[in-house]
Every structure is written in structure tokens, then in C-alpha cells.
Amino acid sequence: MSDLSNLDFDSMTPAEFEQYLPELFASGEGGKLSEDPRLATFLSANPDCAALVRDLETIADTAKNLLVSEQEPSDSVWSNIANKLQQQSGDDEPVDLSE
Amino acid sequence: MGLQGLQTMQTKPNAGLFKRNPPIAGEAEAIERAKNGDPDAFSKLYSLHKRRVYTLCLRMLGNVSEAEDMTQEAFLHLFRKLGSFRGESAFSTWLHRLTVNLVLMHLRKKGLQLVSLEETINPSEEDAPKRDFGSRDTQLAGSVDRVTLERAVASLPPGYRMVFVLHDVEGFEHNEIATMLECSTGNSKSQLHKARLKLRELLRHPDQLPELESSREVVQ
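Quick note, the sequences are listed as chains E and S, same order.
Residue numbers for the first sequence follow our numbering, so the first one is 11 and each next one is one higher.
Residue numbers for the second sequence follow our numbering, so the first one is 51 and each next one is one higher.
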């Protein structure tokens, strides 16, 4: 990946920005890239790049909300699990696995 | 990484995932009772975690039938391995890693086993995001709603979808993803970036996104 340590944020080109963007996002530590003071001058001079950063942040932020959106498996999943565990228990005493 | 690797990854607690996966009331007691063979306790663990595990499988596989099969496998594996859980990470984090590794093993068995996942998860040229990433005609109109993003994620090429779900939805770090996918950290970062760029493209035309397979959604 790209090394950010020697990068001149103010004078980089959009192409260089594209090259460094994955690392810039990864090094953000949860902060917003659009609010990174190192990028303020560059982003104000390159509105398309600023729009890109905002869009990718929107996508990443919305993705966090997907974690609380859950789907329910069908009841047959637990039935199958219970049946397999009872089969595995073999000659042992019966296992009551009612959910 | 095989399931053995899962055990070693457990030894390094991840504060971020503890934060995202806080302990659930009654879970610790259920774990201890289930370790001692209490079937009611295992049933409770299933009830507590079935939705998260199933949804993770569904997002990674994009297929209801396969997702249900892998959910079943994950809990059967959990039943066998529960004794090795030492509580050094959140139980849900441990269970999700177990599930991710089972899904990855399943995918490799389906055809990815002869070459490294790093190569095979790279999508074809036509699936890759366009290079004019910064032009105005690729910009989003505004906010993105959750359901539309879910549909767009389901439309991603498998490799992109995998990294995006693991990082942006599940909250795994790049080094963890690299270990699980057997790729470099740089590759994980690059794949995530391409996935987000591809999503940006897809989200500009939400009317063209396919409907999701029907499932019973539970929003917490």
C-alpha cells in the first residue's frame, strides 16, 4: 500500500489522491476523512474528490446500521440442529433440545 | 485459515468488537451451562445468536438455502467447540469468527480450493468499479437508505462483498480480514475501497438493483 508519511497533501494531484485513498481511509481510525485538516486545502480545490470522499463515508456509515438489521432463519434450521445433535448423542441418554 | 487458526485468534481481545458486541444478559451463564452439556442452555445460545449468525451467512453467501445450511453447520460446530471458548473475546465475536471461517471453507470447497482466495476474489474487469471515480456523474444524490444499500451489497461480486461485509458491517479490522481470507492487509484495504466504489456506482441506479430473496427481517 501507499506510504503517507512523505505525501504533500496540498499539492497532490487527483490521480495521486486516488492512489492514496484506500490507505487514507484505512488510517482514519474512525475519524471522517472529509474533516481531516490535512486534506482541507486539497478537497476544497477538488470538489469531485470531496464528493467522492463524502459518498464513500456515507456508504460506510450506512453499512454500520446494517448490523442491527437481522434476518430470521426458518424454524427448520433449529429442527435440523436438534436432530443432528440427538443422532450424535447415539446411545447416550436422550437430549431434549426444544428451543 | 482453518478452524485451528480460529482458536489462536481468540487470544487477542479486540476492544472494538467488544464495543460492537456487548455481552448479552444471561449469555455467560448459558455458555457455562451449555459447556456442561445442558441442552436448554445450548438452545438459549441458539435463540440469542441465530439471527446474527444467519444474517452474516446470508450476506456472505447471498443465498437463503446456503445461508441456512451454514447456520446449521455453525451451531453444530459451536456445540462441539464450545468447551474451548475461554472468554477472552466477546462470545458473539468468537462465534462470528467461527462462522466466517466455516463460510470461507465452504466457498473454497465449492471451487476456490486450488488457488489462493486473494486471486479468486478479484472480480472480472467488467465487475470492477469504473476508473472515473471522481466525475460528477458517479456521485450519489444524497443519503443512502439501509434497504437499498442491502440490495446493492447483494449485487457486489463475491470478493468485494466478502471484504465489505466483514469490515464495514461486521467491524473486523483489516489485519483480521487478511488472516481469514489468507491475503495481505494491503489487499484487504484495496478490496474494501473497490467495493465501496462499486457500491457508489450501483447506488446511483437503485431502481436497477435486484430484489433480495425473501426472509423474515428483524430490526432491533
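Note that beta-carbon positions come from the ideal geometry of N, C-alpha and C, so glycine has one too.
Taking residue i as part of the alpha helix (DSSP H), name the residues at either end of that continuous run.
{"i": "E138/S", "result": "Per DSSP, E138/S belongs to no alpha helix (DSSP H) and is neither H nor E."}
{"i": "M156/E", "result": "Residue 156/E lies beyond the residue range present for chain E, which begins at 11 and ends at 109; the question has no answer from this structure."}
{"i": "I69/E", "result": "57-76"}
{"i": "P208/S", "result": "208-214"}
{"i": "G236/S", "result": "235-253"}
{"i": "V197/S", "result": "196-204"}
{"i": "P89/S", "result": "89-111"}
{"i": "H224/S", "result": "224-231"}
{"i": "S99/E", "result": "85-99"}
{"i": "E261/S", "result": "No alpha helix (DSSP H) holds E261/S; DSSP gives it neither H nor E."}
{"i": "H127/S", "result": "114-131"}
{"i": "E77/S", "result": "77-85"}
Within 8 angstroms of any Cβ in chain B, is that where the Cβ of residue i sits?
{"i": "T51/E", "result": "You won't find chain B in this structure, because its protein chains are E and S."}
Starting from residue i and walking both ways along the beta strand (DSSP E), at which residues does that stretch end?
{"i": "S79/E", "result": "79-82"}
One question on the structure: do residue i and residue j come within less than 8 angstroms of each other, judged by their Cβ atoms?
{"i": "L14/E", "j": "E33/E", "result": "yes"}
{"i": "E28/E", "j": "S44/E", "result": "no"}
{"i": "F125/S", "j": "I81/S", "result": "no"}
{"i": "R109/S", "j": "V215/S", "result": "yes"}
{"i": "V194/S", "j": "L77/E", "result": "no"}
{"i": "R101/S", "j": "E26/E", "result": "no"}
{"i": "Y96/S", "j": "I69/E", "result": "no"}
{"i": "L128/S", "j": "M230/S", "result": "no"}
{"i": "E77/S", "j": "L98/S", "result": "yes"}
{"i": "D65/E", "j": "L206/S", "result": "no"}
{"i": "G209/S", "j": "Q241/S", "result": "yes"}
{"i": "S238/S", "j": "V213/S", "result": "yes"}
{"i": "N75/E", "j": "R196/S", "result": "yes"}
{"i": "V103/S", "j": "L132/S", "result": "no"}
{"i": "L253/S", "j": "T198/S", "result": "yes"}
{"i": "T149/S", "j": "L106/S", "result": "yes"}
Please classify residue i as buried or exposed, where buried requires at least 16 other C-beta atoms within 10 Å of its C-beta.
{"i": "E169/S", "result": "Model confidence at E169/S stands at a pLDDT of 44, short of 50, so the residue's coordinates are unreliable; what they give is reported in the following sentence. So E169/S ends up on the exposed side."}
{"i": "N225/S", "result": "exposed"}
{"i": "R250/S", "result": "buried"}
{"i": "E80/E", "result": "buried"}
{"i": "A55/E", "result": "exposed"}
{"i": "R246/S", "result": "buried"}
{"i": "H255/S", "result": "exposed"}
{"i": "G221/S", "result": "buried"}
{"i": "T143/S", "result": "buried"}
{"i": "S89/E", "result": "exposed"}
{"i": "K160/S", "result": "exposed"}
{"i": "Q258/S", "result": "exposed"}
{"i": "D18/E", "result": "exposed"}
{"i": "S93/S", "result": "buried"}
{"i": "N151/S", "result": "buried"}
{"i": "P89/S", "result": "buried"}
{"i": "T51/E", "result": "exposed"}
{"i": "E123/S", "result": "buried"}
{"i": "G137/S", "result": "exposed"}
{"i": "A36/E", "result": "buried"}
{"i": "T23/E", "result": "exposed"}
{"i": "A228/S", "result": "buried"}
So with CB distances below 7 angstroms, who are the chain S contacts of residue i?
{"i": "A36/E", "result": "H224, K239"}
{"i": "L17/E", "result": "What L17/E touches in chain S: nothing, since even the nearest Cβ is about 16 angstroms away."}
{"i": "L14/E", "result": "Correct list: empty, because the minimum Cβ distance to chain S is about 12 angstroms."}
Cβ closer than 7 angstroms: which chain E residues qualify as neighbours of residue i?
{"i": "Y210/S", "result": "By Cβ distance, chain E contributes nothing, its closest Cβ being about 12 angstroms from Y210/S, past 7 angstroms."}
{"i": "R201/S", "result": "The contacting residues do not exist; R201/S stays about 11 angstroms from chain E at best."}
{"i": "H243/S", "result": "L31, P32, F35"}
{"i": "A83/S", "result": "The sequence shown places Arg at residue 83/S, rather than the Ala named in the question. Within 7 angstroms Cβ-Cβ: nothing; R83/S doesn't reach chain E, min ~14 angstroms."}
Quick one: list the residues of chain S neighbouring residue i, beta-carbon separation under 9 angstroms, in chain order.
{"i": "K42/E", "result": "Neighbours of K42/E on chain S: none; closest Cβ ~14 angstroms, over 9 angstroms."}
Who are the neighbours of residue i on chain E, taking C-beta pairs under 9 angstroms?
{"i": "S193/S", "result": "T68, T72"}
{"i": "T229/S", "result": "By Cβ distance, chain E contributes nothing, its closest Cβ being about 16 angstroms from T229/S, past 9 angstroms."}
{"i": "R158/S", "result": "Within chain E, no residue comes near R158/S; the closest Cβ sits about 23 angstroms away, beyond 9 angstroms."}
Residue i versus chain E: which residues are under 8 angstroms apart at the beta carbon?
{"i": "V219/S", "result": "A73, K74, L76, L77"}
Inset, instruction - Identify each residue in the segment 116-149 of chain S for which the Cβ-Cβ distance to at least one residue of chain E is less than 7 angstroms, and report them in chain order. - result: In summary, the residues of the segment 116-149 of chain S whose CB is separated from some CB of chain E by less than 7 angstroms are E118, T121, Q122, F125, L126, F129, in the order they occur in the chain.
Legend entry - Within 9 angstroms of chain S by C-beta, residues of the segment 71-91 of chain E in sequence order: Shown in chain order are the members of the segment 71-91 of chain E whose Cβ falls below 9 angstroms from a Cβ of chain S: D71, T72, A73, K74, N75, L76, L77, V78, S79, E80, Q81, E82, P83, S84, S86, V87, W88, N90, I91.
Inset, instruction - Identify each residue in the segment 95-117 of chain S for which the Cβ-Cβ distance to at least one residue of chain E is less than 7 angstroms, and report them in chain order. - result: Residues passing the 7 angstroms Cβ filter: Y96, S97, K100, R101, R102, Y104, T105, L108.
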